[in-house]
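Chains as they are written, first to last, in my numbering: chain A, 699 to 905; chain B, 699 to 905; chain C, 699 to 905; chain D, 699 to 905. By construction, the Cβ of each residue, glycine as well, lies at the ideal position given by its N, Cα and C atoms. First comes the structure, then the notes that go with it.
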C-alpha cells in the first residue's frame, strides 16, 4: 500500500515583493526543497509572505485587512511547514519574525491535552545569504518552530552562504553545489519520514 | 564650562499601535531611560515605530510612502540611539528587526575613511517581556548596532522580565524594582559619557 | 502488548563538581525529568559531566585520559539524550559546549545512507538559572542536537528562571511551580512518544 | 606629544594545544590584529588559553592549580582585550565560554561607583571557521564583553569563514583576502581610538 500523500506549505520570508520582478534566492532554494519533497509524495505551494498583509500583533486575527487568519489556516492544513528566509546582519528577516509572532497565539489555543494547534506537524528551515549566518538563523527558527508546537527531524535544514564578506547570490550560481543538493535531499527524506510517522501516530499530549 | 548638550532618539519597537490605547511596557521603560539621560543633558523623543510605514527592504529609500528616510535622518541627527523592544518567543520583535534591515544600507554608504553614517554615535538597548529572553535580545541588538556603526559602552542595557512562564507586564508593576532602576541609571551614566567623548573626538576611520 | 522499554541518558552540564557537595539546581530539574520519563518506561542515569575528563577537541577520541569515548558510547546506547545546563551570562555552560564539540565528530562518521551515529535518537533540553536566558540556551542546544543528528519533538524543553536580576536558585524553591511541573510532564510525553516511533521506524536516510 | 602607549592581551580560544604543533587559524588572525594594533602603539601578547588550567566555576579563584587568577590579572592590566575563537557548530568554543564564566565574578566585584573591574577597558573579537557562524559568535562574545564591563567600538570584529560546508582553513589561504585585511585595519583604528579616550576619561559610574 502506498503511503498517504502529505501536504506542505513553504513560506518565503524574503524582503522582496514578487512585484519587483527580482528573483529571490530564497525562492530558488525553496523550489529545490519542494521538488525533493515531491519525490516523497509531499506536495504544496510556496507563499511569498511579504506580499501579504500580515499585521503586527500576537493574536490569531488582528482585524480588518489582516491576511494572517487565511495563512494560519493554510499552515495548519498542511503536514509540513518549510520556513525559508534570507540572512540580514546574520539574523532572520523581519518577515520571518512576524510569522512567528503571530504563531505565539498558539500558546493560548491549546486543546485539553495541552497541545498547540501545530502539534503533529513537522517543520524545516531553508536559509540563504551572501555570507555568514545560516547556523544562527536556523537556531532561531528551530527554537520558534519547536516552541509553537512543530516537531523537527535531524538535518531539517538546507542553506547556502558565500565566503566571508562575499556578494554572490545563490540565484546566480551556475550550478547547485553538490553538498547543498545533498543537504536538500536529506532534508526531504527526514521531513517526509517524520511527517508520516506523526500523521499515523499523533502526539497524545497530557491525559 | 558645561558639557555640550546631547540629542537622543528612542525607538519603541513594540507591536502595539498607539491607536490601540493600550499602554506599552516598552514605552514605560524607555520613558525611564529618557528621564535618566535628561539628567546628563541628553534629550529627545520616543518614536513608536509600528505606527510608521517602514517598508521592507535594505535600501535607504524604498519609495512611495516609505517613512524610513525621515526616520533615518532623525537617527543620524542624534548622538544617542536607544532601541527598545518587547520579547516574543525569546527574540526581538519584527519591528526591531525591520529597523536594522534598513540600516544595513549604511554598509554601502561609507565615507572615504570607511566609516558608516552611524560612526560616532552611541547605542543602548531596553528590553521588556513577561518572561525570559532579555540577554539574547540584547545580544542580537548589540551586534546589529555595532555592525552598522554604533559604539556601545558597558552596561548599556536595561531590562525587566518576570519569573519563568510569568504573565505580569512591566507596566503593571506597582513600583520599579530597585535593581532595574539602578541599571537604568548606570545605562544613562555610561551612554552620556561615551557619547560626549565621541562627539569631541570622533573615530578617525582609515586614513 | 506493552511498548518496548526506552533507555535515556541525562547529562548535567553544571560547573559544580559532585565533590563540592553543593546541590546542583540542574540536577534537581533533571531528576524531575527522569522521574516523569520513568512513567513511560524510559529509564537511565544522570551523569555529572564536569567530573569527567572530557578533553578539548573535535574527534571521538582525544587520547590518553579522555573520558569522552566511554561517554560517547553511553549516549549512543540510549534512545533519549537529555542535556541539562545552567545559564551563565544568558548562555549555555562551557561544559555543555564541550559535549557538542565532541559530537561534531559525528559528521565524519556518517553511514552509507548519510546518517550520523545519533540518527534515530531523540533529544531534550533542561535549563535553570537565577534569571533570564532559557529560550536562547534552548535555541543553542536544539540547534546542536539537530545538527549532530537527534530529532526533537515539540515542547522538549523544561526550564526555570527567576525574575530579572533575581538570585534565587531552583533547588531552593519551596515547591516546583505548577507550570514548570506541567512543562516537565509534557516534555516526557512528547519525548517518549517520538523515541518509540523512531525506534520502530528509523530514518532511512538517503538510498 | 605622542599618545600614551596602550597594552593589549589577546586570548586564543582554539581547542588545539600548542603542544599539538598544529597551527591555529585563530592564531593567524590574532597575529594580524596584534600587528595592526602595534601601528597604534598598542602592544601585547597572544595567550593560548587551552594550555592553561582554567578551572570550571564562576569565582575569581577556584583554588589549587587554577590558572585563572594570573590570567585575570593580565586581562585587567591591559587596556584592550581581544578574544579570538574558532567556530564549532556555528557557536563559540567551550574555551571562550569558560573565560566568560570566570569573568561573571566581576559582577560581585563592583566598586562604590558600581563599576566592574573591566570598566574602562575596550574589547574586540576575532572569529575563524571553515564555514558560517561569525556573526552569531560575535554577538555572543560582544554581549559577554559588554555585560562584564568592556566597551566596544563599532567594527571591533574581524572574521573569516569559507563558503557553506567548506573545509578550507584560514591558515591555509594563499593570501589574506583584501576585505578581511581591511576589517582588521578598521578594528585596530577603532579599538585604539576608544581605548585612548577611555584611558584619559574613564567612566565615572554612579555617584
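By the C-beta density criterion, residue 873 of chain D is exposed, having fewer than 16 other C-beta atoms within 10 angstroms. The stretch 702-719 of chain B makes contact with the stretch 746-757 of chain B, as at least three CB pairs between them are under 8 Å. Secondary structure at residue 702 of chain B: coil, using DSSP grouped into helix, strand and coil. For residue 842 of chain B, the C-beta contacts it makes with chain A under 8 Å involve 787 and 789, in order along the chain. According to the DSSP assignment, residue 796 of chain A belongs to the alpha helix (DSSP H) that extends over 792-801.
In the three-state reduction of the DSSP assignment, residue 776 of chain D falls in the coil class. Under the three-state reduction of DSSP output, residue 877 of chain A falls in the helix class. For residue 736 of chain C, the enclosing alpha helix (DSSP H) covers residues 723-736. With a contact defined as Cβ atoms closer than 8 Å, residue 777 of chain D and residue 819 of chain D qualify at about 6 Å. Each of C:830, C:723 and C:801 was checked against the Cα of residue 760 of chain C, and the nearest Cα belongs to C:801. In this model, residue 809 of chain C and residue 814 of chain D are separated by some 51 Å (Cα to Cα).
One alpha carbon belongs to residue 791 of chain B, the other to residue 711 of chain B, and they sit about 7 Å apart. The alpha helix (DSSP H) runs of length 4 or more contained entirely in the stretch 821-877 of chain A are, from start to end of the chain, 832-846.
C-alpha of residue 848 of chain B to C-alpha of residue 854 of chain B: approximately 12 Å in a straight line. Note that the stretch 720-730 of chain D does not touch the stretch 890-901 of chain C; fewer than 3 beta-carbon pairs, one per stretch, sit closer than 8 Å.
Chain-order list of chain B residues neighbouring residue 802 of chain A: 786 and 787, by C-beta distance under 8 Å. Interface annotation for the stretch 829-858 of chain B against chain C: 829, 830, 831, 832, 833, 834, 835, 836, 837, 857 and 858, criterion Cβ-Cβ distance under 9 Å. Put simply, the CB of residue 863 of chain A is far from chain B, with every gap to its CB atoms at 8 Å or more. Taking C-beta separations shorter than 6 Å and ignoring five residues to either side along the sequence, the partners of residue 812 of chain C in its chain run 903 and 904, following chain order. Ranked by Cα distance from residue 821 of chain D, the options D:700, D:869, D:788 and D:888 are led by D:888. Proximity of residue 721 of chain C to chain A, defined by a Cβ-Cβ separation below 8 Å, is not satisfied. Contact with chain A is found for residue 799 of chain B, since one of that chain's Cβ atoms lies less than 8 Å from the residue's Cβ. Residues of chain A with a Cβ closer than 7 Å to the Cβ of residue 895 of chain C are, in chain order, 895 and 899.
Excluding sequence positions up to five before and after residue 765 of chain D, its CB lies within less than 7 Å of the CB of 750, 751 and 752, all in the same chain and listed in chain order.
Residues are counted here when their Cβ sits less than 8 Å from a Cβ of chain B; for the stretch 721-753 of chain C the count is zero. Residue 702 of chain C sits exposed, since fewer than 16 C-beta atoms from the chains shown fall within 10 Å of its C-beta. Your pair residue 784 of chain B and residue 827 of chain B checks out as a contact, with CB atoms roughly 6 Å apart and the cut at 8 Å.
As a beta-bridge residue in DSSP terms, residue 746 of chain D pairs with D:710. Contact between residue 832 of chain A and residue 868 of chain A is absent: CB atoms are separated by about 11 Å, not below the 8 Å threshold. Within its own chain, the residues whose Cβ lies closer than 6 Å to the Cβ of residue 842 of chain D, once the five positions on either side in sequence are excluded, are 798, listed in chain order.
Relative to residue 757 of chain D, the option among D:734, D:708, D:793 and D:807 whose CA is nearest is D:807. Here residue 739 of chain C is exposed. Its C-beta has fewer than 16 other C-beta atoms within 10 Å. Chain B places no beta carbon closer than 8 Å to that of residue 763 of chain A, leaving this residue out of the contacts. At a cut-off of 8 Å between C-beta atoms, residue 878 of chain C counts as an interface residue with respect to chain B. C-alpha of residue 773 of chain C to C-alpha of residue 780 of chain C: approximately 10 Å in a straight line.
Separation of residue 755 of chain B and residue 762 of chain B (C-alpha to C-alpha, rounded to the nearest whole angstrom) is 13 Å.
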